[in-house]
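*Asks:* Below you will find the structure I want to go over with you.
Protein chains: 2
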Amino acid sequence: MTTTPDPTHDVIVIGGGPVGENAAQYAIAGSDRTAALVEAELVGGECSYWACMPSKALLVPPAVRSLAQHMPGLGPQAPLDVDAVLARRDSFTSGWDDSGQVEWAEGVGIEVVRGRGRLTGERTVVVGDRTLVARHAVVLATGSTPTAPPIDGLADAMPWGSRDATAMHEVPGSILVVGGGVVACEAATWLAALGARVTLAARGGLLARLEPEAAEAVEAGLREAGVDVRLHADVQRVRRHAPEATGTGHVHGGAVTTTIDQAELVTDEILVATGRRPATDDLGLDAVGLDRIVVDGRQRVAGAEGWLYATGDVAGRWQLTHMGKHEARIAGEVIGRVADGGRADEVVGVDDDPLTQVVFTDPEVAAVGLTQAEAEERGIRVERVAIDLAVAGTSLARDDAGGRVVVVVDADRDVLVGATLVGHGVAELLHAATVAVAAQVPTARLWHAVPSYPTASEIWLRVVEDLRRQRRER
Amino acid sequence: MTTTPDPTHDVIVIGGGPVGENAAQYAIAGSDRTAALVEAELVGGECSYWACMPSKALLVPPAVRSLAQHMPGLGPQAPLDVDAVLARRDSFTSGWDDSGQVEWAEGVGIEVVRGRGRLTGERTVVVGDRTLVARHAVVLATGSTPTAPPIDGLADAMPWGSRDATAMHEVPGSILVVGGGVVACEAATWLAALGARVTLAARGGLLARLEPEAAEAVEAGLREAGVDVRLHADVQRVRRHAPEATGTGHVHGGAVTTTIDQAELVTDEILVATGRRPATDDLGLDAVGLDRIVVDGRQRVAGAEGWLYATGDVAGRWQLTHMGKHEARIAGEVIGRVADGGRADEVVGVDDDPLTQVVFTDPEVAAVGLTQAEAEERGIRVERVAIDLAVAGTSLARDDAGGRVVVVVDADRDVLVGATLVGHGVAELLHAATVAVAAQVPTARLWHAVPSYPTASEIWLRVVEDLRRQRRER
Numbered sequence: 009m010t011t012t013p014d015p016t017h018d019v020i021v022i023g024g025g026p027v028g029e030n031a032a033q034y035a036i037a038g039s040d041r042t043a044a045l046v047e048a049e050l051v052g053g054e055c056s057y058w059a060c061m062p063s064k065a066l067l068v069p070p071a072v073r074s075l076a077q078h079m080p081g082l083g084p085q086a087p088l089d090v091d092a093v094l095a096r097r098d099s100f101t102s103g104w105d106d107s108g109q110v111e112w113a114e115g116v117g118i119e120v121v122r123g124r125g126r127l128t129g130e131r132t133v134v135v136g137d138r139t140l141v142a143r144h145a146v147v148l149a150t151g152s153t154p155t156a157p158p159i160d161g162l163a164d165a166m167p168w169g170s171r172d173a174t175a176m177h178e179v180p181g182s183i184l185v186v187g188g189g190v191v192a193c194e195a196a197t198w199l200a201a202l203g204a205r206v207t208l209a210a211r212g213g214l215l216a217r218l219e220p221e222a223a224e225a226v227e228a229g230l231r232e233a234g235v236d237v238r239l240h241a242d243v244q245r246v247r248r249h250a251p252e253a254t255g256t257g258h259v260h261g262g263a264v265t266t267t268i269d270q271a272e273l274v275t276d277e278i279l280v281a282t283g284r285r286p287a288t289d290d291l292g293l294d295a296v297g298l299d300r301i302v303v304d305g306r307q308r309v310a311g312a313e314g315w316l317y318a319t320g321d322v323a324g325r326w327q328l329t330h331m332g333k334h335e336a337r338i339a340g341e342v343i344g345r346v347a348d349g350g351r352a353d354e355v356v357g358v359d360d361d362p363l364t365q366v367v368f369t370d371p372e373v374a375a376v377g378l379t380q381a382e383a384e385e386r387g388i389r390v391e392r393v394a395i396d397l398a399v400a401g402t403s404l405a406r407d408d409a410g411g412r413v414v415v416v417v418d419a420d421r422d423v424l425v426g427a428t429l430v431g432h433g434v435a436e437l438l439h440a441a442t443v444a445v446a447a448q449v450p451t452a453r454l455w456h457a458v459p460s461y462p463t464a465s466e467i468w469l470r471v472v473e474d475l476r477r478q479r480r481e482r
Numbered sequence: 009m010t011t012t013p014d015p016t017h018d019v020i021v022i023g024g025g026p027v028g029e030n031a032a033q034y035a036i037a038g039s040d041r042t043a044a045l046v047e048a049e050l051v052g053g054e055c056s057y058w059a060c061m062p063s064k065a066l067l068v069p070p071a072v073r074s075l076a077q078h079m080p081g082l083g084p085q086a087p088l089d090v091d092a093v094l095a096r097r098d099s100f101t102s103g104w105d106d107s108g109q110v111e112w113a114e115g116v117g118i119e120v121v122r123g124r125g126r127l128t129g130e131r132t133v134v135v136g137d138r139t140l141v142a143r144h145a146v147v148l149a150t151g152s153t154p155t156a157p158p159i160d161g162l163a164d165a166m167p168w169g170s171r172d173a174t175a176m177h178e179v180p181g182s183i184l185v186v187g188g189g190v191v192a193c194e195a196a197t198w199l200a201a202l203g204a205r206v207t208l209a210a211r212g213g214l215l216a217r218l219e220p221e222a223a224e225a226v227e228a229g230l231r232e233a234g235v236d237v238r239l240h241a242d243v244q245r246v247r248r249h250a251p252e253a254t255g256t257g258h259v260h261g262g263a264v265t266t267t268i269d270q271a272e273l274v275t276d277e278i279l280v281a282t283g284r285r286p287a288t289d290d291l292g293l294d295a296v297g298l299d300r301i302v303v304d305g306r307q308r309v310a311g312a313e314g315w316l317y318a319t320g321d322v323a324g325r326w327q328l329t330h331m332g333k334h335e336a337r338i339a340g341e342v343i344g345r346v347a348d349g350g351r352a353d354e355v356v357g358v359d360d361d362p363l364t365q366v367v368f369t370d371p372e373v374a375a376v377g378l379t380q381a382e383a384e385e386r387g388i389r390v391e392r393v394a395i396d397l398a399v400a401g402t403s404l405a406r407d408d409a410g411g412r413v414v415v416v417v418d419a420d421r422d423v424l425v426g427a428t429l430v431g432h433g434v435a436e437l438l439h440a441a442t443v444a445v446a447a448q449v450p451t452a453r454l455w456h457a458v459p460s461y462p463t464a465s466e467i468w469l470r471v472v473e474d475l476r477r478q479r480r481e482r
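Below you can see the structure in the form of structure tokens.
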């Protein structure tokens with residue numbers, strides 16, 4: 009390498025999604041350091057415009073309608089006004105305009121650099137015709153890109169990706185969702201709620217990484233919503249027919265014929281939601297002597313520890329916005345600490361922190377930490393509590409209440425290592441378990457955290473009660 | 009005292025509300041001990057028939073309607089069907105029939121004894137013409153009784169108590185609610201939601217024991233619901249007019265004229281909700297040499313430690329069902345441990361456990377632990393976080409989202425000692441804070457409990473973030 013040019017910024021972040029924003033913000037917080045945030049699309053990223061926000065904006069109105077429908081005293085509910093729901097979605101994506109986010113970034117002292125960033129050497133990032141040089145650190149936060157399964161004819165059939173499903177301006181009459189993960193299950197939920205005839209074909213089961221109770225409940229919920237769920241399905245061939253004009257003046261692709269388990273299915277659209285991989289293409293890893301990204305608990309990239317960090321989907325640990333932002337906060341803090349002359353290990357890393365996740369299907373699934381299977385794989389001696397989500401607070405909340413809670417306890421340490429809830433409104437019940445898992449609170453102490461009556465949170469009392477009963481009866 | 013007669017039961021519990029039920033259940037759990045549960049009214053108590061359950065059954069439908077009204081995509085909501093709401097309330101009180109609860113008690117091996125229990129000597133309880141004698145312990149769980157302020161003419165005016173408000177079969181056209189505590193605020197909320205013209209007159213402010221933010225928000229909510237809120241009001245005189253027949257064939261008391269701050273107000277009914285005191289009347293305390301009930305952290309009554317316990321409202325520590333049930337579980341466990349030859353101090357007491365409370369007004373209030381004022385009174389060096397309840401999860405949940413979070417941190421120990429949330433749906437956000445307070449989790453560790461995006465629970469991340477910002481800027 010020749011002589012390094014003068015730094016242009018203290019910190020350069022490639023990728024301006026929420027993860028990159030957090031990394032930049034935390035790396036310069038409380039200092040006069042400068043940061044560049046390099047983004048090729050919209051600042052705010054996948055989450056703000058094509059994933060978390062629009063998907064939840066589409067899912068909430070049907071969920072509220074379902075709640076209202078099951079509450080005596082309220083009148084019969086009108087069918088959903090799809091245009092109003094789509095308009096609400098548009099308001100949450102700011103009409104795909106990132107000026108608000110850019111304003112925020114500039115307000116906290118981050119320079120937004122438009123374009124695709126690529127490493128060309130240590131601390132050096134090229135964006136178009138600009139060369140940026142970092143005094144302290146470069147953070148990779150480019151996220152992930154969808155993968156498509158090798159199905160005959162799929163690429164030529166102009167399939168929808170998750171972006172098409174969240175950004176849709178018209179609900180298709182019928183659609184085949186290929187996939188069984190979170191994105192597939194959530195998309196099937198809102199598409200069905202907004203009036204599409206939905207078929208879901210998954211190569212395996214649903215939500216494979218969660219407790220089996222989650223898959224069972226979500227499958228039942230999808231079927232109840234009219235979704236034709238086909239599990240362990242073999243999608244063999246896809247053909248898009250010739251385009252045709254519709255009555256509304258739009259030009260659609262023609263219908264799609266998909267061969268699943270030897271039988272043909274004709275739908276208006278096909279959505280592929282079969283997974284994502286770290287977005288490392290054309291990132292210039294080879295220019296700094298790396299062939300892949302491996303991070304430690306402080307998000308330092310192996311082989312380039314002194315200056316290169318990776319956070320979020322591209323780092324490969326998790327694929328969830330909030331977990332990526334957590335990594336970004338830690339990485340940003342480490343960068344700041346080191347820049348101030350401190351040591352990276354003064355910042356507690358993310359290694360042992362529990363993964364949290366909510367699937368906004370109907371019913372919802374909320375999970376933290378390890379499943380029973382994962383805990384046993386790690387050699388943990390497991391105690392398991394599995395009880396119905398049935399307390400006064402859940403019955404009061406809606407007449408069609410129901411659900412299930414599964415908790416995994418490390419018997420030797422008497423602490424929760426995982427919890428999964430399935431049911432209406434469980435999203436907000438999770439964080440109590442997250443605190444317990446993250447802080448390794450003994451269940452003997454949880455016994456003294458008294459939920460208010462009559463809330464649904466009382467289920468956490470029932471969990472400890474059941475654990476104590478099991479121990480007494482053993 | 010003469011010779012003690014033979015024991016009839018191992019444990020006798022006076023008062024068959026949820027607190028008494030828990031005490032009896034836990035005292036005999038996993039053993040062949042016997043218990044008697046003495047109840048003069050309905051087994052299941054105030055909470056099941058006249059307080060928590062019916063009040064929440066009345067409050068939930070209006071809350072859901074309000075949520076639906078603020079959600080784009082749902083049609084305009086019809087006015088509440090009051091009869092359907094009252095019918096739902098009836099189903100939650102089992103039509104004031106306690107046979108289900110009696111069946112439960114008998115199923116777990118508890119004998120239900122109908123009548124008023126009175127201590128007549130050590131371990132001895134008289135119920136009508138029966139004398140019960142406890143081998144191990146007597147537990148007092150008689151709850152509390154409403155108090156009425158000394159207002160001229162009030163007693164003669166046949167005022168409603170909280171039971172009349174929860175059990176009402178017809179919504180009064182207009183009603184004056186006297187009081188500013190939780191019961192008064194909740195009753196004003198459901199009475200207004202169900203169509204009554206409500207005036208609320210409080211001697212002081214609202215919800216005096218909570219953070220001031222709670223009172224402000226609840227006052228604003230009541231006013232928005234059309235309640236005429238009069239604070240620091242002097243209710244001077246009450247007069248009930250002659251009864252009159254109504255169009256529906258019912259005979260009501262005539263209208264009530266109340267003089268408040270020298271001005272006259274005429275309403276159909278007046279509800280007194282000004283507080284409750286421990287129900288010790290005719291309990292026979294004097295027969296065992298006591299003039300009042302003082303308990304320790306294991307609910308043992310001072311002066312009768314060997315055998316007498318008190319739990320719930322009558323014990324005087326808290327006036328909340330779930331906290332009373334917590335005391336009852338601890339007392340029951342202590343009784344069982346001692347009966348099995350162990351020591352009471354092998355069971356961790358309730359002394360330091362944080363109080364939790366939810367006020368189901370619109371907006372809701374949820375609180376745990378100490379207010380800032382209480383913490384400062386105890387000499388704690390306080391750090392305070394006060395931020396808007398505004399994260400993606402709250403905006404997605406409803407278009408009229410809003411609210412406030414106040415957190416009190418013990419700066420020397422870096423742990424939460426109190427938290428108060430005000431806003432829609434905060435009831436289920438509380439338990440995460442309750443776990444943190446009860447387990448004294450350092451805020452440095454809470455930083456690693458990552459709420460799932462986009463949930464309202466993300467507010468707990470914002471709280472720690474704000475605390476860290478304050479510390480950085482100090």
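Protein sequences appear in the order of chains X and B.
Per the working numbering, the very first residue in the first sequence carries number 9; after that it's consecutive.
Per the working numbering, the very first residue in the second sequence carries number 9; after that it's consecutive.
We put the CB at the ideal spot given by N, CA and C, even for glycine.
1) My guess is that LEU424/B and THR451/B are in contact by the Cβ rule of under 8 Å, so how many angstroms apart are they, rounded?
2) Using the three-state DSSP reduction, which class does ILE159/X fall into: helix, strand or coil?
3) Beta carbon of GLY292/B, beta carbon of GLY151/B: below 9 Å?
4) Note down, in chain order, all residues in the segment 449 to 480 of chain X with a beta-carbon under 7 Å from any beta-carbon belonging to chain B.
5) Alpha carbon to alpha carbon, what distance is there between ALA192/X and ARG245/X?
6) Ignore the nearest five residues each way along the sequence and tell me which others in HIS334/B's own chain have a CB closer than 8 Å to its CB.
7) Return the CA-CA distance between VAL116/B and GLU224/X, expressed in angstroms with no decimal places.
8) So what's GLU54/B in DSSP terms, helix, strand or just coil?
9) Are any of the Cβ atoms in chain B nearer than 9 Å to that of TRP198/X?
10) Looking at the C-beta of LEU50/X, does it have a partner C-beta in chain B at a distance below 9 Å?
11) Could you tell me which residues DSSP pairs with VAL415/B in its beta bridges?
12) Please confirm whether GLU436/X has its beta-carbon closer than 9 Å to some beta-carbon of chain B.
13) In the DSSP assignment, find the beta strand (DSSP E) that holds GLN365/X and state where it starts and stops.
14) Where does PRO62/B land, buried or exposed, given buried means 16+ other C-beta within 10 angstroms?
15) For GLY257/B, does the count of other Cβ atoms within 10 angstroms reach 16, so buried, or fall short, so exposed?
16) Determine the direct distance from the alpha carbon of ARG476/X to that of GLY344/B, and round the result to whole angstroms.
17) What ranges does the beta strand (DSSP E) occupy inside the segment 14 to 80 of chain X, keeping only unbroken runs of at least 3 residues that lie completely in it?
18) Quick one: which chain B residues come within Cβ less than 9 Å of GLY38/X?
19) Of the choices ALA287/X, SER465/X, ILE268/X, whose alpha-carbon is the least far from that of LEU184/X?
20) Excluding the 5 residues flanking GLU227/B on each side, which residues of the same chain have their C-beta closer than 7 Å to its C-beta?
21) So what's THR266/B in DSSP terms, helix, strand or just coil?
22) Take ALA149/X and list the residues in its own chain whose beta-carbon comes closer than 7 Å to its own, dropping the five residues that flank it on each side.
23) Under 9 Å between beta-carbons, which chain X residues line up against MET61/B? List them in chain order, please.
24) Roughly how many angstroms lie between the CA atoms of LEU66/X and ALA196/B, to the nearest whole one?
25) Please classify ALA173/X: does DSSP put it in a helix, a strand, or coil?
26) Taking THR329/B as the query, report the chain X residues whose CB atoms sit under 8 Å from its CB, ordered along the chain.
27) Could you name the residues of the segment 167 to 194 of chain B whose beta carbon sits closer than 7 Å to any beta carbon of chain X, in the order they occur along the chain?
28) ASP236/X bridges to which residues according to DSSP?
29) Cβ of GLY103/X less than 9 Å from any chain B Cβ?
30) Kindly list, in the order they appear in chain X, the residues whose Cβ is closer than 7 Å to that of HIS334/B.
31) Count the other CB atoms within 10 Å of the CB of ALA375/X; is the residue buried (16 or more) or exposed (fewer)?
32) Below 8 Å on the Cβ atoms is my guess for ASP14/X versus ARG41/X; work out the distance and round it to an integer in Å.
33) So which residues on chain B does GLY81/X lean against when the C-beta distance must stay under 7 Å?
*Replies:* In short:
1) Position 416 of the second sequence holds residue 424/B. Position 443 of the second sequence holds residue 451/B. Their Cβ separation, rounded to whole angstroms, is 7 Å, which keeps LEU424/B and THR451/B in contact under 8 Å.
2) Start at 1 with the first residue of the first sequence, and residue 159/X comes out as number 151. Three-state DSSP puts ILE159/X in coil, outside helix and strand.
3) Within the second sequence, residue 292/B is the residue found at index 284, counting from 1. Within the second sequence, residue 151/B is the residue found at index 143, counting from 1. Cβ distance not < 9 Å, so GLY292/B and GLY151/B don't count as in contact.
4) VAL449, ARG453, LEU454, HIS456, ALA457, VAL458, PRO459, SER460, TYR461, PRO462, THR463, ALA464, SER465, TRP468, ARG480
5) The residue you call residue 245/X lines up with position 237 of the first sequence. The residue you call residue 192/X lines up with position 184 of the first sequence. For ARG245/X and ALA192/X, the gap between their C-alpha atoms comes out near 19 Å.
6) Along the second sequence, read from residue 1 onward, the residue named residue 334/B stands at position 326. Hits under 8 Å: VAL358, ASP361.
7) In the second sequence, counting from the first residue as 1, residue 116/B sits at position 108. In the first sequence, counting from the first residue as 1, residue 224/X sits at position 216. Each residue's Cα considered, the two are about 33 Å apart.
8) Stepping through the second sequence from its first residue, residue 54/B is reached at position 46. The answer is helix: DSSP assigns GLU54/B an H, G or I state.
9) The residue labelled residue 198/X in the question sits at position 190 within the first sequence. No, TRP198/X lies away from the interface with chain B (no Cβ there is under 9 Å from its Cβ).
10) By one-based count along the first sequence, residue 50/X stands at place 42. Chain B, which has no Cβ nearer than 9 Å to the Cβ of LEU50/X, makes this no.
11) Mapped onto the second sequence, residue 415/B falls at position 407. VAL415/B pairs with VAL393/B, ALA427/B.
12) Residue 436/X sits at position 428 when you count from the first residue of the first sequence. It does; some Cβ of chain B falls within 9 Å.
13) Along the first sequence, read from residue 1 onward, the residue named residue 365/X stands at position 357. Its beta strand (DSSP E) spans residues 364 to 367.
14) Mapped onto the second sequence, residue 62/B falls at position 54. So PRO62/B ends up on the buried side.
15) Position 249 of the second sequence, counting from 1, holds the residue named residue 257/B. Because the pLDDT of GLY257/B is 48, which lies under 50, any placement of that residue in the model is unreliable, and the number read from its coordinates should be weighed accordingly. Counting Cβ neighbours within 10 Å, GLY257/B comes out exposed, since fewer than 16 surround it.
16) Position 336 of the second sequence, counted from the first residue, corresponds to residue 344/B. Position 468 of the first sequence, counted from the first residue, corresponds to residue 476/X. Those two C-alpha atoms are separated by around 14 Å.
17) 17 to 22, 43 to 47
18) Numbered from 1 along the first sequence, position 30 holds the residue referred to as residue 38/X. Residues of chain B passing the Cβ test: ARG477, ARG480, GLU481.
19) Position 176 of the first sequence, counted from the start, is the residue given in the question as residue 184/X. When each option's Cα is compared against that of LEU184/X, the closest is ILE268/X.
20) Along the second sequence, one-based indexing puts residue 227/B at 219. Result list for GLU227/B: LEU214, VAL237, in chain order.
21) Position 258 of the second sequence, counting from 1, holds the residue named residue 266/B. Residue state, collapsed to three classes: strand.
22) Taking the first residue of the first sequence as 1, we reach residue 149/X at position 141. If we look at ALA149/X and ignore the five residues flanking it on each side, its Cβ neighbours are VAL21, ILE22, GLY23, GLY25, VAL27, GLY28, ALA31, THR319, GLY320, VAL322, ALA336.
23) Here the question's residue 61/B lines up with position 53 in the second sequence. Within 9 Å of the CB of MET61/B, the CB atoms of chain X belong to ALA400, LEU404, PRO462, in sequence order along the chain.
24) For this step, residue 66/X is matched to residue 58 along the first sequence. For this step, residue 196/B is matched to residue 188 along the second sequence. LEU66/X and ALA196/B: Cα-Cα distance of roughly 35 Å.
25) For this step, residue 173/X is matched to residue 165 along the first sequence. Helix, per DSSP.
26) Position 321 of the second sequence, counted from the first residue, corresponds to residue 329/B. The answer, in chain order, is TYR461.
27) none
28) For the purposes of this step, residue 236/X is taken as the residue at position 228 of the first sequence. ASP236/X pairs with THR207/X.
29) Working through the first sequence from its first residue, we reach residue 103/X at position 95. It does not: the Cβ of GLY103/X has no partner Cβ on chain B nearer than 9 Å.
30) As a working note, residue 334/B is residue 326 in the second sequence. Near HIS334/B (Cβ distances below 7 Å), the residues of chain X are VAL458.
31) The count along the first sequence starts at 1 and reaches residue 375/X at position 367. Buried: at least 16 other Cβ atoms inside 10 Å.
32) Here the question's residue 14/X lines up with position 6 in the first sequence. Here the question's residue 41/X lines up with position 33 in the first sequence. Contact flag wrong, Cβ pair sits at about 16 Å.
33) Counting from one through the first sequence, the residue named residue 81/X turns up at place 73. Residues of chain B passing the Cβ test: PRO69, LEU88, ASP89, ALA92, VAL93, ARG96.
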